[in-house]
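These notes are about the structure you will find just below.
There are 4 protein chains.
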Amino acid sequence: MTDSAPDPEQLAQACSEAMHENDYATQMLGIRILESTPGRALLSMVVRTDMLNGHAVCHGGLLFALADSAFAHACNNTNKATLASGCSIDFLASAREGDLLTAEARERSRSGRTGIYDVEIQRQDGTLIAVFRGRSYQIRGSVLPDTSPPTEEKTA
Amino acid sequence: MTDSAPDPEQLAQACSEAMHENDYATQMLGIRILESTPGRALLSMVVRTDMLNGHAVCHGGLLFALADSAFAHACNNTNKATLASGCSIDFLASAREGDLLTAEARERSRSGRTGIYDVEIQRQDGTLIAVFRGRSYQIRGSVLPDTSPPTEEKTA
Amino acid sequence: MTDSAPDPEQLAQACSEAMHENDYATQMLGIRILESTPGRALLSMVVRTDMLNGHAVCHGGLLFALADSAFAHACNNTNKATLASGCSIDFLASAREGDLLTAEARERSRSGRTGIYDVEIQRQDGTLIAVFRGRSYQIRGSVLPDTSPPTEEKTA
Amino acid sequence: MTDSAPDPEQLAQACSEAMHENDYATQMLGIRILESTPGRALLSMVVRTDMLNGHAVCHGGLLFALADSAFAHACNNTNKATLASGCSIDFLASAREGDLLTAEARERSRSGRTGIYDVEIQRQDGTLIAVFRGRSYQIRGSVLPDTSPPTEEKTA
Chain C
1 MTDSAPDPEQ
11 LAQACSEAMH
21 ENDYATQMLG
31 IRILESTPGR
41 ALLSMVVRTD
51 MLNGHAVCHG
61 GLLFALADSA
71 FAHACNNTNK
81 ATLASGCSID
91 FLASAREGDL
101 LTAEARERSR
111 SGRTGIYDVE
121 IQRQDGTLIA
131 VFRGRSYQIR
141 GSVLPDTSPP
151 TEEKTA
Chain A
1001 MTDSAPDPEQ
1011 LAQACSEAMH
1021 ENDYATQMLG
1031 IRILESTPGR
1041 ALLSMVVRTD
1051 MLNGHAVCHG
1061 GLLFALADSA
1071 FAHACNNTNK
1081 ATLASGCSID
1091 FLASAREGDL
1101 LTAEARERSR
1111 SGRTGIYDVE
1121 IQRQDGTLIA
1131 VFRGRSYQIR
1141 GSVLPDTSPP
1151 TEEKTA
Chain W
2001 MTDSAPDPEQ
2011 LAQACSEAMH
2021 ENDYATQMLG
2031 IRILESTPGR
2041 ALLSMVVRTD
2051 MLNGHAVCHG
2061 GLLFALADSA
2071 FAHACNNTNK
2081 ATLASGCSID
2091 FLASAREGDL
2101 LTAEARERSR
2111 SGRTGIYDVE
2121 IQRQDGTLIA
2131 VFRGRSYQIR
2141 GSVLPDTSPP
2151 TEEKTA
Chain R
3001 MTDSAPDPEQ
3011 LAQACSEAMH
3021 ENDYATQMLG
3031 IRILESTPGR
3041 ALLSMVVRTD
3051 MLNGHAVCHG
3061 GLLFALADSA
3071 FAHACNNTNK
3081 ATLASGCSID
3091 FLASAREGDL
3101 LTAEARERSR
3111 SGRTGIYDVE
3121 IQRQDGTLIA
3131 VFRGRSYQIR
3141 GSVLPDTSPP
3151 TEEKTA
């Protein structure tokens, strides 16, 4: 085939599928990947009873985990293996049991090996729950095992 | 009773016990409260298989959750209800399955309603895994339901 | 009088004028207030020789000062006295002598006494130089000495 | 001389002297380098009238500039050219005209090309004014033009 360079949109989707398949932590948290386009990702999580802290609201660490996961998809879905070097989060409102949260990550800057990504977490009623900013660092390697068009084989 | 003002060390311990008992999220993550003294806390977490991300290292969100929990104990254990307003974390090294992580939180500053707390996460071999800084905001109310001496409730 | 409630746009302008008149630091740095609308501000600064560090680029502290000033105008221009409690900045590209920098601050969130503001610094060619996030804390008092219509004091 | 590898303490001092000589911004702010040892630096600044903002306290940007300068010395004084990639600051108390501020920077972590440095700003009475955390990124090159022993150039 001559069209071996995958479409960026398809590549993003394939990267996110491969990432999620091996990510036991996001699976444990019930996080779902709703959308993944180059430099952007939209994830969701429902607040379960076992995610509540002593104030009966979602533990901040799990809000962070949702945002951090969205960040990871946004910065890896061009198939360049990329890690988080640091992140900050500001908590604006609480999430309660049963709330459906969505986290949307967007690339703000990427040059050389480093990038900046912003994530917003919203509640189902549109309330802004938290804002997150992640700093990424690109390492060697790719997300997908090779650069051929993604097949439906399972990734390790 | 004349001994109504509890010893600060005992109060810190009682606050942490009460907090942990109702914190389903830290229980779900297997986090243990090793020490809680006024403005300081030491917690531990073992990295389980379901805490790994696609790189087979502990998900950054769960490292954050450990640090954030240590921060919560350190800023609430003087029995003044206090929330996290924002946090930042820098990731320095990875944690793998089976690693025993400890997070030590210390108060750096507290005046008026706000405070700053630093947390370090270390691996069992002493390697520094992450540094975390939390900003706290004191709200109305106390951690313990009243100021009477705590009962001998079990600690997790 | 029926016109006692000032127009928000005029109020923002008046607040920024009053703030800038007494702000010796921003004057010393040659910072100019280009626009000030409720929750938003646009400022500029030209990089002078005495703003360069040893790498012959603008000192990061002075980039921060520009962003922080834009943040201050955006969070005070509804005439509620507000302070910065903390800020973070990420440096993306350098600014050199003679560069004309603009910093645009926008409110991301404001509820209760606290707010989050994002600032971008750009170079004259549109290059993104830095991103900044500020956390605000509203105190007692107003920016303008009273709520009467502002006088025609000069803007810097 | 055969002992061409300089003593780390002397090297740190020489790096700071070389950096400061070309740093017009820190000179403009009257910043002085009090100590520079490997991975650590202590700087001072006196709050001048032209450093005050509209609240008659030191502009946060100039507090940041002091902390950022201390960070720069601490992360460059092993003679490896290093830049700030990002920083955060939390403001705890105000500084007024005439206050003598000191900023002490210390390395918290350094591995590969990146590092974490903490800076505290104190007032002459010991009050903690601000805490700052900087992330460094090592680039090619050295601080000193070559590795020959530093000459007796004057320190600011």
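Just so you know, the sequences run in chain order C, A, W and R. In this text, residue positions in the first sequence follow this note's numbering: the first is 1, and each later residue adds one. In this text, residue positions in the second sequence follow this note's numbering: the first is 1001, and each later residue adds one. In this text, residue positions in the third sequence follow this note's numbering: the first is 2001, and each later residue adds one. In this text, residue positions in the fourth sequence follow this note's numbering: the first is 3001, and each later residue adds one. Quick reminder that beta carbons are idealized off the backbone N, C-alpha and C, glycines included. The model shown is predicted, which means the values in this text are computed figures rather than measured ones.
Item, Value
"Buried/exposed call for residue 56(C), threshold 16 Cβ in 10 Å", "exposed"
"Distance, residue 2050(W) Cα to residue 3025(R) Cα", "5 Å"
"Within chain A, partners of residue 3131(R) - CB distance below 9 Å", "1108, 1109, 1116, 1118, 1133"
"Residue 1062(A) at chain B interface by Cβ criterion, 8 Å", "Annotation note: the requested chain B is absent from the structure, which comprises protein chains C, A, W and R."
"Neighbour list for residue 1092(A) in chain R, Cβ cutoff strictly below 8 Å", "3109, 3111, 3116"
"Where residue 3093(R) falls: helix, strand or coil (DSSP)", "coil"
"Three or more C-beta pairs below 8 Å linking the stretch 2114 to 2133 of chain W and the stretch 2094 to 2103 of chain W", "yes"
"Burial state of residue 3090(R) (16 or more Cβ within 10 Å)", "buried"
"Burial state of residue 2007(W), where buried means 16 or more other Cβ atoms lie within 10 Å", "exposed"
"Three-state secondary structure (DSSP) of residue 2142(W)", "coil"
"Residues of the stretch 3070 to 3098 of chain R whose Cβ lies closer than 7 Å to any Cβ of chain W, in chain order", "3084, 3085, 3086, 3087, 3088, 3089, 3090, 3091"
"Nearest-angstrom Cβ-Cβ length linking residue 1071(A) and residue 1084(A), presumed shorter than 8 Å", "6 Å"
"Contacting positions in the stretch 3037 to 3051 of chain R - beta carbon closer than 9 Å to chain W", "3048, 3049, 3050, 3051"
"CA nearest to the CA of residue 3059(R), picked from 2059(W), 2058(W), 2064(W)", "2064(W)"
"Residue 41(C), enclosing beta strand (DSSP E) - first and last residue", "40 to 46"
"Residue 3016(R) burial status per 10 Å Cβ neighbour count (16 or more: buried)", "buried"
"7 Å CB neighbourhood of residue 1086(A) in its chain, flanking five on each side removed", "1135"
"Outcome for residue 2033(W) when other beta-carbon atoms lying within 10 angstroms are tallied against a minimum of 16", "buried"
"Backbone CA spacing between residue 3142(R) and residue 3104(R) [nearest angstrom]", "23 Å"
"For residue 3118(R), the three-state DSSP class (helix, strand or coil)", "strand"
"Residue 2137(W) - partner residues in DSSP beta bridges", "2083(W), 2114(W)"
"Spatially closest choice to residue 1096(A) from 1045(A), 1114(A), 1021(A), by CA coordinates", "1045(A)"
"For residue 1049(A), three-class secondary structure by DSSP", "helix"
"Residues bridged to residue 1037(A) (per DSSP)", "1040(A)"
"Terminal residues of the alpha helix (DSSP H) in which residue 3007(R) lies", "Neither: residue 3007(R) is in no alpha helix (DSSP H) and is coded neither H nor E."
"Contacting residues, own chain, Cβ-Cβ under 6 Å from residue 3012(R) (five flanking each side not counted)", "3036, 3037, 3038, 3077"
"Integer-rounded CB distance, given that residue 1088(A) should sit under 8 Å from residue 2111(W)", "Not really, about 21 Å apart at Cβ, beyond 8 Å."
"Residue-level contact to chain C via CB, residue 1025(A), 8 Å cutoff", "yes"
"Candidates 47(C), 131(C), 22(C), of which the one nearest residue 29(C) by Cα", "47(C)"
"Cβ-based burial, residue 1116(A) [other Cβ within 10 Å; buried from 16]", "buried"
"For residue 3032(R), the residue or residues it bridges with in DSSP", "3044(R)"
"Where residue 1026(A) falls: helix, strand or coil (DSSP)", "helix"
"Cβ-based burial, residue 3001(R) [other Cβ within 10 Å; buried from 16]", "Summary for residue 3001(R): the model assigns pLDDT 45, below 50, so the residue's position carries little reliability, and this model does not support an answer."
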